[in-house]
Every structure is written in C-alpha cells, then in structure tokens.
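Below you'll find the structure, written out as structure tokens, and then a few comments.
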Amino acid sequence: MSFDLSVFSNKNIILAVTGGIAAYKSAILVRRLKDYGFNVRVVMTKGAQAFITPLTFQALSGNSVHTELLDTEAEAGMGHIELARWADLILVAPASCDTIAKFAAGLADDLLSTLYLATKAPVWAAPAMNQQMWAAKATQRNLNTLVEDGVHVIMPEAGSQACGDVGLGRMPEPEDLAEQVKNYFHQAQRAIAEKFGLLAGKRVVITAGPTREAIDPVRYISNHSTGKMGFAIAAACYSAGAKVTLLAGPVSLDTPNGVRRINVSSAIKMLDESMHQLEEGCDIFIATAAVADYRVAEVSEHKIKKAGDELNVSLVKNPDIVATIAQQEKRPFMVGFAAETRNVEEYAAGKLVAKKLDMIACNDVSRADIGFASDQNAMTVFFAEQYQMEKRDLEKASKQDIAQQLVEAIHDALHHEIETKVK
Ligand code: C5P
C-alpha cells in the first residue's frame with residue numbers, strides 16, 4: 001500500500017458556487033484546488049450565474065459545469081446521483097443565505113440542494129453575505145441546524161463588504177480555503193497511513209546530504225552529495241506511516257511534508273545527533289549521508305593567510321556513523337548505502353558485514369545516468385544473512401520510486417525477521 005501525501009489526483013471536489021459577490025473569489029479557488037492536484041467539478045446555482053458565468057469555471061476546472069437538476073443532456077453525462085457519489089468533498093463557497101436555508105429545510109428543488117441530500121461526502125459551507133443577513137436570527141438558526149446535521153461551517157471573516165457595510169460576512173480568501181481542504185485530506189490520509197502503512201508507527205531516523213568539515217572560519221571540505229535520495233526516502237517513510245527525523249547536512253532541498261528535519265554540518269555533529277535520536281527512540285536507522293571520511297585535525301581559529309607555495313593540512317579519520325549506531329546495545333534496524341565505481345556488489349556485501357548492517361542498497365556511481373545529482377537511480381539491495389532473503393535489483397527509476405521500493409524492502413525484512421522468530 002502506498003500513500004502519496006503531496007498529490008491529490010485521486011480526490012474529487014465539488015465546488016458549489018451560490019449567489020453572492022464573493023463568487024468571483026471562487027474562480028481563484030478552483031485554481032488553487034487544481035494546484036494541489038484535486039479533480040474539481042463546479043456546480044452553480046441560478047443565483048451564482050448572475051455574478052459569474054459557467055464558462056469561466058469550465059475553463060478553470062477543465063470540466064463542464066453543472067447547473068441543472070433535470071437537464072436531459074447533462075444527466076446523460078453525469079447525473080445528479082452519480083455526481084453526489086463522485087464527490088469526496090462538497091465545498092459550498094460562497095454559501096448564500098438562501099442555500100443555507102434550503103439545506104436546513106431539506107428542500108430538493110435544484111441541483112445543489114438535491115446533491116446535498118444525495119451525497120455521503122462531507123459537506124463544507126463557507127457563508128458569505130451582508131453582515132445584517134449573517135446576523136439575522138433565521139440565518140443563525142439555519143446555520144445551527146447545518147452544524148447539527150454535520151456540515152462543517154467555515155466562519156466568515158470581518159471587514160468591509162461590497163455593499164459598503166462593515167462587519168462579519170466576508171468569505172475567507174481562496175488560498176485559505178484551498179489550504180484547509182488540503183489539510184483535511186492530508187490528515188485523513190495520515191490517519192490511514194498510521195494505521196495501515198508499511199511502516200505504521202515506526203520511528204525512522206535518516207542521515208542525508210554531505211557533511212562539511214571546517215578548515216578555518218571561512219573554508220571547508222565537503223562533497224557533491226545533493227541529499228535527494230535521503231529526502232525521497234524520508235518522504236516515502238512518512239507516507240508509509242512512520243515518524244521520520246531527517247538529519248540533513250548542508251543541502252538546498254525543501255523538507256518533505258510531515259518530516260522533522262534537524263540540520264547538521266560536520267560528521268561529528270551528525271554522529272552526536274544520531275546518538276541523541278537513538279536515545280529518544282529509533283526503530284529504523286537509514287544512513288544515506290555522504291559523510292566526509294576525514295576532517296581537519298586542528299581547525300584554525302582564524303582565517304588562514306596566503307603564504308608560501310604549499311599549504312599542508314593534516315586530516316584525521318571521522319567516526320563511521322552507521323557502524324557506531326550498529327554497535328549500540330539497543331540497535332535499530334540498520335540500513336546503509338554504498339556508492340561504488342567498480343566491483344559494486346562485492347564491496348557492498350563487504351560493507352554489510354563490516355558495518356553490521358541489516359540491509360545495504362548499492363549503486364554504481366560510474367554510470368552517468370544515475371546516482372548523485374541525477375533524479376534517477378538504480379540499486380541492488382542485499383540483506384544480512386540472518387534474513388535469508390534474496391538480493392533485490394531495483395531497476396532504473398525516479399528516486400521517489402526507488403525510495404518506495406526501499407521502504408517495501410525494509411518492511412519485508414522486518415516482517416521476515418518476525419516470522420523467523422515465531423517459527
Ligand atoms: O564506507 P562508505 O562510506 O562507503 O559507507 C557508506 C555507508 O556508510 C553509507 O550508508 C554512509 O551513510 C555510511 N557512513 C557513515 N559514516 C561515515 C561514513 C559512511 O554513516 N563516516
């Protein structure tokens with residue numbers, strides 16, 4: 001089972017637009033919802049069409065707009081019952097006084113009021129109206145009924161209104177509404193992932209990117225690692241229901257959604273933070289970082305001045321982070337990486353044993369089309385002997401795809417271990 005938390009291409013939103021000047025904001029709302037990847041179909045009441053045309057929404061949503069309840073042509077395309085079933089969420093924005101009253105009374109005399117009764121999907125309403133109409137007892141009474149009936153009412157904002165009044169009744173900005181919808185689906189997907197995901201509830205720590213070893217206050221030794229693979233794995237682990245902490249060296253990548261990121265610079269700092277995470281609790285440790293093998297023996301306190309034709313800097317070996325964690329008494333499931341230019345599998349298998357890892361993923365960095373700065377990768381995965389699992393070849397694919405396959409490999413090994421213990 002895989003959950004992509006950043007894309008909602010399988011989620012269907014009906015945006016119902018009713019009569020009110022705020023309808024112009026709904027055009028932007030369609031745009032923002034589409035930006036998040038939602039499928040959007042627009043339903044308009046007669047009142048809405050007095051403010052904005054169906055053609056606008058058709059162009060923005062990429063779907064024909066639904067306006068009639070019993071139009072033979074429209075019903076032949078997607079009838080009202082089908083539309084009610086299609087929706088994962090119905091967002092009424094703006095929701096007029098009239099629509100709110102219809103919902104409260106249970107009328108079914110137009111497409112939207114019928115959809116409201118016919119759908120199982122959650123219904124959200126963003127009322128927008130003149131402040132006096134908002135304050136009217138009947139409106140408040142109807143809104144209370146809606147809330148009692150399970151409608152999520154998004155409170156209007158206060159401010160100056162199109163009619164010249166000042167007060168409560170403005171529809172929130174389209175960006176806010178779209179974000180609320182996105183957050184709702186994120187949380188829903190997260191709840192499923194935490195219950196059923198491949199790494200449900202597991203605490204995962206991932207090292208990623210290069211380390212930076214200071215020479216003096218302005219210079220350092222580092223490498224070309226971009227951190228892309230580690231960040232993709234962090235995203236895949238989170239999507240699989242894990243609690244993820246990413247120990248990131250200096251890279252210019254956005255933190256994946258839901259992932260806790262701790263920036264570190266040197267190998268020593270990365271090790272310190274790894275040990276700290278181990279104390280906090282860690283079930284799976286994934287070392288993707290390209291840790292500098294050596295650091296400068298004595299970091300100069302001041303900028304080293306140019307002098308002479310040669311400069312000798314003495315280096316000392318850095319600790320091996322993944323091997324150190326693997327030696328701890330309460331060690332997590334350990335995953336390492338190996339980037340080699342020759343004898344790839346032989347060296348990787350050697351590191352698996354030498355570093356006491358449970359699993360190692362290796363790739364051939366002599367190939368120009370994969371690895372390091374590339375967005376694609378291909379890997380071979382080996383498991384420690386006690387798992388009695390065959391090596392796995394992960395064919396060339398995007399780093400996201402490879403990350404997903406690695407999550408599956410980790411899951412399979414963990415379950416294999418459980419099965420072997422039970423036998
Ligand atoms: O020995 P080599 O650098 O090839 O090993 C690669 C693996 O070991 C990677 O998983 C890398 O993140 C980890 N490593 C480490 N600390 C080091 C060197 C490598 O955790 N100092």
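First residue of the sequence shown: 1, per the working numbering; consecutive thereafter. Heads up, the beta-carbon is just placed ideally off N, CA and C, and yes, glycines get one too. Predicted model, so just to flag it, every value in this text is computed and none were measured.
- Look at the segment 5-53 and you find these whole runs of beta strand (DSSP E), each 3 residues long or longer: 12-17, 39-44.
- Residue nearest to Tyr-294 within the set Asn-63, Glu-279, Glu-213 is Glu-213 (criterion: CA-CA distance).
- Remark: the C-beta of Phe-383 is outside contact range of the ligand C5P, defined as less than 6 Å to any heavy atom.
- In the assembly as shown, Met-171 is a buried residue. Its beta-carbon has 16 or more other beta-carbons within 10 Å.
- Cβ-Cβ distances below 6 Å link Cys-97 to Met-129, Met-133, Thr-139 in the same chain, with the five nearest sequence neighbours on each side left out; the list follows chain order.
- Less than 7 Å separates the beta-carbon of Phe-333 from that of Ile-284.
- Between Met-270 and Val-291 the beta-carbon gap is near 7 Å, inside 8 Å, which marks them as a contact.
- Here Ser-61 is actually not in contact with Val-43; their C-beta atoms are around 11 Å apart, not less than 8 Å.
- Sequence-distant Cβ neighbours of Lys-120 in its own chain, meaning closer than 6 Å and more than five residues away, do not exist here.
- The C-alpha of Ala-84 lies about 11 Å from the C-alpha of Pro-122.
- Sixteen is the threshold: since fewer than 16 other Cβ atoms of the shown chains lie within 10 Å of the Cβ of His-302, the residue is exposed.
- Taking 6 Å as the cut-off, the C-beta of Gly-249 does not count as close to any heavy atom of the ligand C5P.
- DSSP places Val-181 in no beta strand (DSSP E) but in the uninterrupted alpha helix (DSSP H) bounded by 174-196.
- Under the three-state reduction of DSSP, Arg-85 is assigned to helix.
- Looking at the DSSP output, Tyr-294 sits in a beta bridge with Lys-317.
- Counting of Cβ neighbours within 10 angstroms places Glu-310 among the exposed residues, the total staying below 16.
- Per the C-alpha coordinates, the member of Gly-169, Glu-148, Leu-112 positioned closest to Ala-136 is Gly-169.
- At a cut-off of 6 Å, the beta-carbon of Val-316 does not count as near the ligand C5P: no heavy atom of the ligand is closer than that.
- For Ala-287, the shortest separation between its Cβ and any heavy atom of the ligand C5P lies below 6 Å.
- For a cut-off of 8 Å, the C-beta gap from Arg-260 to Leu-278 is around 15 Å, too long to register as a contact.
- Of the other Cβ atoms in all chains shown, fewer than 16 fall within 10 Å of the Cβ of Ile-304; this residue is therefore exposed.
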